[in-house]
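Peer 1: Heads up, the sequence shown is in numbering that gives the first Met the number 0, so the first residue is 0 and it goes up one at a time.
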Amino acid sequence: MSGSDSEAYRLAILASERLRLSLARHGLELPGVRGDHPSGGGEPMVELGRVSATVVHAVAELLDRLPLDGREAEAG
């Protein structure tokens, strides 16, 4: 693994840990969350794994409570 791949992998691990901790604060768990090796020097990636429908609904509910930042107008 090259130096840039190693750094990307480290960033993916940090991102997966941050997501895991954020979800845990809300009593949610995604057991398959893990940092993944980037392919071809690409962007750091996080594998989310399989998730129960209950957790997906809970995550969607949390996201729906957040204020919108204006990007929804760009999508339409």
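The C-beta atom is built at its ideal place from N, Cα and C for all residues, glycine as well. In this text the structure is predicted, and so the values were computed from the model without any measurement.
At the level of alpha carbons, what is the spacing between residue 19 and residue 46?
Peer 2: Numbered from its first residue, the sequence shown carries residue 19 at position 20. Numbered from its first residue, the sequence shown carries residue 46 at position 47. Answer to the nearest angstrom: the Cα atoms are 12 Å apart.
Peer 1: Quick check on this structure: which residue in 65, 37, 29 has the alpha carbon closest to the alpha carbon of residue 53?
Peer 2: As a working mapping, residue 53 is identified with position 54 in the sequence shown. Selected option, being the one with the closest Cα: 29.
Peer 1: Are the beta-carbon atoms belonging to residue 11 and residue 34 less than 8 Å from one another?
Peer 2: Position 12 of the sequence shown, counting from 1, holds the residue named residue 11. Position 35 of the sequence shown, counting from 1, holds the residue named residue 34. For residue 11 and residue 34, yes; Cβs fall inside 8 Å.
Peer 1: Hey, how far is the Cα of residue 13 from the Cα of residue 68?
Peer 2: For the purposes of this step, residue 13 is identified with residue 14 of the sequence shown, where counting begins at 1. For the purposes of this step, residue 68 is identified with residue 69 of the sequence shown, where counting begins at 1. Approximately 25 Å, taken between the alpha carbons.
Peer 1: Below 8 Å on the Cβ atoms is my contact criterion, and I expect residue 48 with residue 31 to pass it. Report the Cβ-Cβ distance as a whole number of Å.
Peer 2: The sequence position of residue 48 within the sequence shown is 49, counting from 1. The sequence position of residue 31 within the sequence shown is 32, counting from 1. Indeed they touch by this definition, with Cβ atoms about 1 Å apart.
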